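Engineer:
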Amino acid sequence: MDTRKWFADAKYGMMAHFGLYSLLGGEWRGERVRTYAEWVQASCAIPNNEYEELARIFNPIYFNADEWIRLARDAGMKYFVLTAKHHDGFALYHSKADRFNVVDATPFGRDIVYELADACVKYGLKLGLYYSQELDWHHPHGGGYTNLAPCAGVSWDNSWDYPDRTKKNFDICFEEKIKPQVTELLTSYGELLLVWFDVPHTISPEQSLELNRLVKHYQPDCLINSRIGNGAYDYVSLNDNEIPSTPPPEVIETGDPNALGGYKYSPYGLYEIPATLNDSWGFKYYDQNWKSPERIRAQREKLNGYGINYLLNVGPDGLGRIPSFSKEILLAAK
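Be aware that the sequence shown starts at 436, since it is given in our numbering, and climbs by one per residue.
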(Lines of atoms letter the chains of each structure in order from A and count residues from 1; the text may use other names and numbers.)
(Lines give C-alpha, C1' and ligand atoms only; values in the text may rest on other atoms or scores of the structure.)
Protein backbone atom coordinates (compact mmCIF):
# COMPACT_ATOMS: atom_id res chain seq x y z
CA MET A 1 0.00 0.00 0.00
CA ASP A 2 1.16 3.50 -0.79
CA THR A 3 0.76 5.00 2.70
CA ARG A 4 1.36 8.55 1.55
CA LYS A 5 -1.40 8.35 -1.05
CA TRP A 6 -3.75 6.71 1.45
CA PHE A 7 -3.09 9.48 3.98
CA ALA A 8 -3.67 12.19 1.37
CA ASP A 9 -6.95 10.57 0.34
CA ALA A 10 -8.14 9.97 3.92
CA LYS A 11 -8.59 13.69 4.69
CA TYR A 12 -10.29 13.20 8.08
CA GLY A 13 -9.24 11.56 11.33
CA MET A 14 -10.03 11.44 15.03
CA MET A 15 -7.56 12.09 17.83
CA ALA A 16 -8.22 11.21 21.49
CA HIS A 17 -6.43 12.73 24.47
CA PHE A 18 -6.98 10.30 27.32
CA GLY A 19 -5.01 9.60 30.45
CA LEU A 20 -4.75 10.17 34.20
CA TYR A 21 -5.53 13.86 33.66
CA SER A 22 -8.98 12.81 32.42
CA LEU A 23 -9.89 11.97 36.03
CA LEU A 24 -9.37 15.58 37.13
CA GLY A 25 -11.42 17.21 34.39
CA GLY A 26 -9.25 20.31 34.33
CA GLU A 27 -9.27 21.04 38.07
CA TRP A 28 -6.88 20.36 40.95
CA ARG A 29 -7.81 21.04 44.57
CA GLY A 30 -10.22 23.79 43.68
CA GLU A 31 -7.92 25.38 41.11
CA ARG A 32 -8.94 25.36 37.45
CA VAL A 33 -6.15 24.92 34.91
CA ARG A 34 -5.22 27.98 32.91
CA THR A 35 -5.43 26.31 29.51
CA TYR A 36 -5.41 22.65 28.52
CA ALA A 37 -6.73 19.98 30.89
CA GLU A 38 -4.01 17.49 29.91
CA TRP A 39 -1.43 19.98 31.20
CA VAL A 40 -2.88 19.91 34.72
CA GLN A 41 0.23 18.37 36.29
CA ALA A 42 2.43 21.17 34.94
CA SER A 43 -0.19 23.89 35.34
CA CYS A 44 -0.65 23.10 39.04
CA ALA A 45 2.88 21.75 39.66
CA ILE A 46 1.55 18.46 41.01
CA PRO A 47 4.41 16.41 42.47
CA ASN A 48 4.90 12.99 40.92
CA ASN A 49 4.19 11.19 44.18
CA GLU A 50 0.75 12.84 44.28
CA TYR A 51 0.07 12.46 40.56
CA GLU A 52 0.85 8.75 40.85
CA GLU A 53 -2.11 8.43 43.23
CA LEU A 54 -4.35 9.02 40.21
CA ALA A 55 -3.01 5.82 38.68
CA ARG A 56 -4.12 3.89 41.76
CA ILE A 57 -7.74 4.90 41.11
CA PHE A 58 -7.70 4.99 37.29
CA ASN A 59 -10.46 2.56 36.34
CA PRO A 60 -12.37 3.77 33.24
CA ILE A 61 -15.06 1.11 33.48
CA TYR A 62 -17.07 2.59 30.58
CA PHE A 63 -14.16 2.57 28.13
CA ASN A 64 -15.28 0.64 25.07
CA ALA A 65 -12.87 0.55 22.13
CA ASP A 66 -15.60 -0.53 19.74
CA GLU A 67 -17.74 2.48 20.67
CA TRP A 68 -14.87 4.92 20.17
CA ILE A 69 -13.84 3.58 16.78
CA ARG A 70 -17.40 3.06 15.59
CA LEU A 71 -18.11 6.71 16.37
CA ALA A 72 -15.10 7.77 14.32
CA ARG A 73 -16.23 5.59 11.42
CA ASP A 74 -19.83 6.83 11.60
CA ALA A 75 -18.58 10.43 11.61
CA GLY A 76 -16.75 9.78 8.33
CA MET A 77 -13.25 9.55 9.74
CA LYS A 78 -10.65 7.23 8.24
CA TYR A 79 -7.97 7.02 10.90
CA PHE A 80 -7.62 7.28 14.66
CA VAL A 81 -4.76 8.68 16.77
CA LEU A 82 -4.45 7.93 20.50
CA THR A 83 -2.19 9.53 23.10
CA ALA A 84 -0.20 6.38 23.88
CA LYS A 85 1.98 8.49 26.20
CA HIS A 86 1.48 12.17 26.88
CA HIS A 87 3.75 14.64 28.67
CA ASP A 88 2.94 13.22 32.11
CA GLY A 89 4.84 10.05 31.17
CA PHE A 90 1.89 7.68 31.77
CA ALA A 91 1.48 5.01 29.07
CA LEU A 92 -1.91 3.70 27.94
CA TYR A 93 -0.40 0.34 27.04
CA HIS A 94 1.61 -2.39 28.76
CA SER A 95 5.10 -0.97 28.62
CA LYS A 96 7.98 -3.18 29.74
CA ALA A 97 10.27 -0.13 29.79
CA ASP A 98 8.39 1.70 32.56
CA ARG A 99 5.82 0.38 35.05
CA PHE A 100 4.03 3.75 35.06
CA ASN A 101 1.44 2.38 32.66
CA VAL A 102 -2.21 1.41 32.53
CA VAL A 103 -1.61 -2.32 33.05
CA ASP A 104 0.95 -2.29 35.85
CA ALA A 105 -0.02 0.85 37.79
CA THR A 106 -3.86 0.89 37.72
CA PRO A 107 -6.78 -1.27 38.84
CA PHE A 108 -8.07 -1.15 35.26
CA GLY A 109 -5.22 -3.40 34.15
CA ARG A 110 -6.13 -3.48 30.45
CA ASP A 111 -4.02 -2.47 27.47
CA ILE A 112 -6.01 0.36 25.91
CA VAL A 113 -3.81 0.63 22.83
CA TYR A 114 -4.25 -3.09 22.15
CA GLU A 115 -8.04 -2.87 22.37
CA LEU A 116 -8.21 0.17 20.11
CA ALA A 117 -5.85 -1.45 17.60
CA ASP A 118 -8.23 -4.43 17.41
CA ALA A 119 -11.24 -2.16 17.01
CA CYS A 120 -9.54 -0.26 14.19
CA VAL A 121 -9.05 -3.51 12.29
CA LYS A 122 -12.66 -4.49 12.97
CA TYR A 123 -14.14 -1.22 11.70
CA GLY A 124 -11.70 -0.50 8.89
CA LEU A 125 -9.84 2.49 10.33
CA LYS A 126 -6.08 2.88 10.41
CA LEU A 127 -4.30 3.47 13.70
CA GLY A 128 -1.85 6.20 14.61
CA LEU A 129 -0.18 6.64 17.99
CA TYR A 130 0.73 9.93 19.64
CA TYR A 131 3.94 9.74 21.65
CA SER A 132 5.53 12.63 23.56
CA GLN A 133 9.15 11.99 22.64
CA GLU A 134 10.67 14.81 24.68
CA LEU A 135 8.46 16.04 27.48
CA ASP A 136 8.16 13.46 30.26
CA TRP A 137 7.36 14.96 33.65
CA HIS A 138 7.64 11.57 35.35
CA HIS A 139 11.29 11.09 34.38
CA PRO A 140 13.96 13.17 36.18
CA HIS A 141 15.76 13.74 32.86
CA GLY A 142 12.70 14.51 30.74
CA GLY A 143 13.27 17.19 28.13
CA GLY A 144 11.99 20.73 27.73
CA TYR A 145 14.39 22.25 30.25
CA THR A 146 16.18 24.15 27.49
CA ASN A 147 13.00 26.07 26.62
CA LEU A 148 12.24 28.96 28.98
CA ALA A 149 9.39 30.39 26.89
CA PRO A 150 5.87 30.53 28.37
CA CYS A 151 3.75 27.40 28.11
CA ALA A 152 0.52 25.91 29.47
CA GLY A 153 2.26 24.97 32.72
CA VAL A 154 4.74 26.51 35.14
CA SER A 155 7.47 25.15 32.85
CA TRP A 156 7.96 22.81 29.90
CA ASP A 157 9.96 20.40 32.04
CA ASN A 158 9.20 19.11 35.54
CA SER A 159 10.79 21.95 37.48
CA TRP A 160 8.75 21.33 40.64
CA ASP A 161 10.15 17.86 41.40
CA TYR A 162 13.49 18.37 39.66
CA PRO A 163 14.37 22.08 39.91
CA ASP A 164 18.10 21.87 39.18
CA ARG A 165 18.27 21.99 35.38
CA THR A 166 22.07 21.79 35.42
CA LYS A 167 21.74 18.16 36.49
CA LYS A 168 19.31 17.19 33.73
CA ASN A 169 20.49 15.14 30.77
CA PHE A 170 17.83 14.29 28.20
CA ASP A 171 20.15 11.66 26.72
CA ILE A 172 19.42 9.50 29.78
CA CYS A 173 15.64 9.74 29.34
CA PHE A 174 15.99 9.15 25.61
CA GLU A 175 17.96 5.93 26.09
CA GLU A 176 16.13 4.63 29.17
CA LYS A 177 12.55 5.33 28.17
CA ILE A 178 11.89 7.05 24.86
CA LYS A 179 13.58 4.64 22.45
CA PRO A 180 12.42 1.48 24.27
CA GLN A 181 8.81 2.67 24.39
CA VAL A 182 8.73 3.76 20.75
CA THR A 183 10.12 0.33 19.87
CA GLU A 184 7.35 -1.32 21.90
CA LEU A 185 4.67 0.62 20.06
CA LEU A 186 6.16 -0.24 16.69
CA THR A 187 6.44 -3.96 17.40
CA SER A 188 3.38 -4.83 19.49
CA TYR A 189 0.26 -3.34 17.87
CA GLY A 190 0.27 -4.30 14.25
CA GLU A 191 0.54 -1.98 11.30
CA LEU A 192 0.58 1.70 12.23
CA LEU A 193 -0.41 4.45 9.85
CA LEU A 194 1.69 7.03 11.68
CA VAL A 195 3.53 8.00 14.83
CA TRP A 196 2.49 11.43 16.06
CA PHE A 197 5.40 13.02 17.92
CA ASP A 198 5.13 16.35 19.76
CA VAL A 199 6.90 19.50 21.03
CA PRO A 200 10.60 19.10 20.18
CA HIS A 201 12.90 21.53 21.98
CA THR A 202 15.71 19.71 23.75
CA ILE A 203 15.88 16.75 21.38
CA SER A 204 18.98 16.85 19.16
CA PRO A 205 19.06 16.41 15.37
CA GLU A 206 20.81 13.07 15.89
CA GLN A 207 18.07 11.88 18.25
CA SER A 208 15.25 12.94 15.92
CA LEU A 209 16.94 11.10 13.08
CA GLU A 210 17.50 8.06 15.31
CA LEU A 211 13.77 7.92 16.05
CA ASN A 212 13.02 8.32 12.36
CA ARG A 213 15.28 5.38 11.55
CA LEU A 214 13.75 3.33 14.35
CA VAL A 215 10.26 3.85 12.92
CA LYS A 216 11.36 3.04 9.37
CA HIS A 217 13.31 -0.03 10.51
CA TYR A 218 10.30 -1.69 12.08
CA GLN A 219 7.56 -0.18 9.92
CA PRO A 220 8.92 1.26 6.65
CA ASP A 221 5.50 2.51 5.53
CA CYS A 222 4.64 4.25 8.81
CA LEU A 223 4.43 8.03 8.49
CA ILE A 224 6.14 10.47 10.87
CA ASN A 225 4.83 13.95 11.61
CA SER A 226 6.96 17.09 11.70
CA ARG A 227 6.88 17.45 15.48
CA ILE A 228 9.54 14.77 15.74
CA GLY A 229 11.83 17.78 15.29
CA ASN A 230 14.87 18.65 13.21
CA GLY A 231 13.36 17.88 9.81
CA ALA A 232 13.18 14.09 10.23
CA TYR A 233 9.58 13.80 9.09
CA ASP A 234 7.23 12.68 6.31
CA TYR A 235 4.35 15.13 6.75
CA VAL A 236 3.68 18.48 8.38
CA SER A 237 1.52 18.93 11.46
CA LEU A 238 0.54 22.58 11.26
CA ASN A 239 -0.21 24.59 14.40
CA ASP A 240 -3.02 23.52 16.71
CA ASN A 241 -6.39 24.74 15.42
CA GLU A 242 -4.69 26.66 12.60
CA ILE A 243 -6.92 27.43 9.63
CA PRO A 244 -4.58 28.81 6.94
CA SER A 245 -5.78 31.40 4.48
CA THR A 246 -3.86 29.92 1.55
CA PRO A 247 -2.95 26.41 0.43
CA PRO A 248 0.42 25.00 1.56
CA PRO A 249 3.36 24.66 -0.86
CA GLU A 250 3.08 22.42 -3.88
CA VAL A 251 4.36 18.86 -3.82
CA ILE A 252 8.05 18.43 -4.61
CA GLU A 253 9.17 14.81 -4.44
CA THR A 254 12.65 14.67 -2.89
CA GLY A 255 12.71 11.02 -1.84
CA ASP A 256 14.49 12.05 1.36
CA PRO A 257 12.23 13.04 4.28
CA ASN A 258 15.28 14.07 6.32
CA ALA A 259 16.57 16.59 3.80
CA LEU A 260 14.29 19.48 4.75
CA GLY A 261 13.77 21.16 8.10
CA GLY A 262 11.09 23.45 9.43
CA TYR A 263 7.39 22.89 9.96
CA LYS A 264 5.73 24.61 7.02
CA TYR A 265 6.92 22.49 4.13
CA SER A 266 6.22 18.84 3.42
CA PRO A 267 8.51 17.04 0.96
CA TYR A 268 5.60 14.78 0.05
CA GLY A 269 2.85 17.40 0.02
CA LEU A 270 1.21 15.89 3.10
CA TYR A 271 -0.31 18.22 5.69
CA GLU A 272 -2.57 17.90 8.71
CA ILE A 273 -4.24 20.24 11.19
CA PRO A 274 -4.81 18.93 14.73
CA ALA A 275 -7.90 20.64 16.14
CA THR A 276 -10.20 20.62 19.15
CA LEU A 277 -13.97 20.52 19.43
CA ASN A 278 -13.91 22.98 22.32
CA ASP A 279 -10.87 24.74 23.88
CA SER A 280 -9.11 21.80 25.54
CA TRP A 281 -7.63 18.54 24.30
CA GLY A 282 -8.07 16.56 27.48
CA PHE A 283 -11.46 16.37 29.22
CA LYS A 284 -12.36 19.64 30.99
CA TYR A 285 -15.79 19.46 32.57
CA TYR A 286 -16.41 23.21 32.56
CA ASP A 287 -15.29 23.87 28.98
CA GLN A 288 -18.56 24.20 27.08
CA ASN A 289 -17.24 26.33 24.23
CA TRP A 290 -18.17 23.76 21.62
CA LYS A 291 -17.76 24.37 17.91
CA SER A 292 -20.97 23.92 15.97
CA PRO A 293 -21.40 21.12 13.42
CA GLU A 294 -21.69 23.77 10.74
CA ARG A 295 -18.35 25.28 11.72
CA ILE A 296 -16.68 21.87 11.83
CA ARG A 297 -18.05 21.02 8.39
CA ALA A 298 -16.95 24.35 6.90
CA GLN A 299 -13.45 24.06 8.34
CA ARG A 300 -13.09 20.52 7.12
CA GLU A 301 -14.20 21.45 3.60
CA LYS A 302 -11.78 24.39 3.51
CA LEU A 303 -8.84 22.37 4.80
CA ASN A 304 -9.52 19.39 2.57
CA GLY A 305 -9.82 21.78 -0.37
CA TYR A 306 -6.29 22.92 0.43
CA GLY A 307 -5.09 19.31 0.57
CA ILE A 308 -4.85 19.35 4.39
CA ASN A 309 -6.13 16.54 6.59
CA TYR A 310 -8.39 17.47 9.50
CA LEU A 311 -7.48 15.61 12.72
CA LEU A 312 -10.27 16.40 15.15
CA ASN A 313 -9.81 15.65 18.84
CA VAL A 314 -12.13 14.23 21.50
CA GLY A 315 -11.37 14.25 25.23
CA PRO A 316 -12.94 11.25 26.98
CA ASP A 317 -13.70 11.62 30.68
CA GLY A 318 -12.15 9.62 33.51
CA LEU A 319 -14.67 6.82 33.09
CA GLY A 320 -13.71 6.37 29.44
CA ARG A 321 -16.78 8.06 27.97
CA ILE A 322 -16.56 10.36 24.95
CA PRO A 323 -18.78 13.32 25.95
CA SER A 324 -22.23 13.34 24.41
CA PHE A 325 -21.59 16.86 23.12
CA SER A 326 -18.65 15.54 21.09
CA LYS A 327 -20.68 12.67 19.68
CA GLU A 328 -23.59 14.87 18.66
CA ILE A 329 -21.36 17.44 16.95
CA LEU A 330 -19.29 14.88 15.07
CA LEU A 331 -22.30 12.96 13.76
CA ALA A 332 -24.15 16.13 12.79
CA ALA A 333 -21.07 17.48 11.01
CA LYS A 334 -20.68 14.43 8.77
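The C-beta atom is built at its ideal place from N, Cα and C for all residues, glycine as well.
Every value quoted in this text rests on a predicted model; they were computed, and no experiment measured them.
Report buried or exposed for THR637, applying the criterion of at least 16 other Cβ atoms within 10 angstroms of its Cβ.
Structural biologist: Position 202 of the sequence shown, counted from the first residue, corresponds to residue 637. When all chains shown are included, THR637 counts as buried.
Engineer: For LEU551 versus LEU517, is the C-beta spacing smaller than 8 Å?
Structural biologist: In the sequence shown, counting from the first residue as 1, residue 551 sits at position 116. In the sequence shown, counting from the first residue as 1, residue 517 sits at position 82. Cβ atoms of LEU551 and LEU517: closer than 8 Å.
Engineer: I need the boundaries of the alpha helix (DSSP H) containing GLY563, first residue and last residue.
Structural biologist: Locating residue 563 in the sequence shown gives position 128, where the first residue counts as 1. From DSSP, GLY563 is part of no alpha helix (DSSP H) but of the beta strand (DSSP E) over 561 to 566.
Engineer: Is it buried or exposed for ARG600, if we count other Cβ within 10 angstroms and need 16 for buried?
Structural biologist: By one-based count along the sequence shown, residue 600 stands at place 165. Counting Cβ neighbours within 10 Å, ARG600 comes out exposed, since fewer than 16 surround it.
Engineer: Excluding sequence positions up to five away, which residues of its chain have a Cβ less than 7 Å from the Cβ of LEU766?
Structural biologist: In the sequence shown, the residue the question calls residue 766 occupies position 331. Cβ within range, chain order: ASP509 and ALA510.
Engineer: Taking only three categories from DSSP, how would you classify VAL630?
Structural biologist: Here residue 630 is taken as the residue at index 195 of the sequence shown, counted from 1. Correct three-state label for VAL630: strand.
Engineer: Under the rule that 16 or more other beta-carbon atoms within 10 Å means buried, what is HIS652, buried or exposed?
Structural biologist: Position 217 of the sequence shown holds residue 652. Looking at its Cβ environment, which holds fewer than 16 other Cβ atoms inside 10 Å, HIS652 is exposed.
Engineer: Straight-line CA distance for ALA667 to ASP444?
Structural biologist: Residue 667 sits at position 232 when you count from the first residue of the sequence shown. Residue 444 sits at position 9 when you count from the first residue of the sequence shown. Rounded to whole angstroms, ALA667 to ASP444 spans 23 Å at the Cα level.
Engineer: Once the 5 residues before and after TYR720 are set aside, which same chain residues still bring their CB inside 7 Å of it?
Structural biologist: Residue numbering aside, residue 720 sits at position 285 when the sequence shown is read from its first letter. The residues are GLY460 and GLY461.
Engineer: Run through DSSP, which three-state label would LYS520 get?
Structural biologist: For the purposes of this step, residue 520 is identified with residue 85 of the sequence shown, where counting begins at 1. Reduced to three states, the DSSP call for LYS520 is strand.
Engineer: Is the separation between the beta-carbon of VAL671 and that of TYR706 shorter than 8 Å?
Structural biologist: The count along the sequence shown starts at 1 and reaches residue 671 at position 236. The count along the sequence shown starts at 1 and reaches residue 706 at position 271. A contact, by the Cβ cut-off of 8 Å.
Engineer: With contact counted as at least three CB pairs below 8 Å, one residue from each stretch, are the stretch 587 to 596 and the stretch 477 to 491 in contact?
Structural biologist: At 8 Å Cβ cutoff, the stretches touch.
Engineer: Going along the chain, which residues of its own chain have a beta-carbon closer than 8 Å to the beta-carbon of GLU466, five neighbours each way excluded?
Structural biologist: Within the sequence shown, residue 466 is the residue found at index 31, counting from 1. Only CYS479 meet the Cβ criterion.
Engineer: To which residues of the same chain is SER701 closer than 6 Å at the C-beta, ignoring the five residues directly before and after it?
Structural biologist: By 1-based counting over the sequence shown, the position of residue 701 is 266. Hits under 6 Å: TYR670 and VAL671.
Engineer: Can you tell me whether DSSP reads PRO598 as helix, strand or coil?
Structural biologist: By 1-based counting over the sequence shown, the position of residue 598 is 163. Coil, per DSSP.
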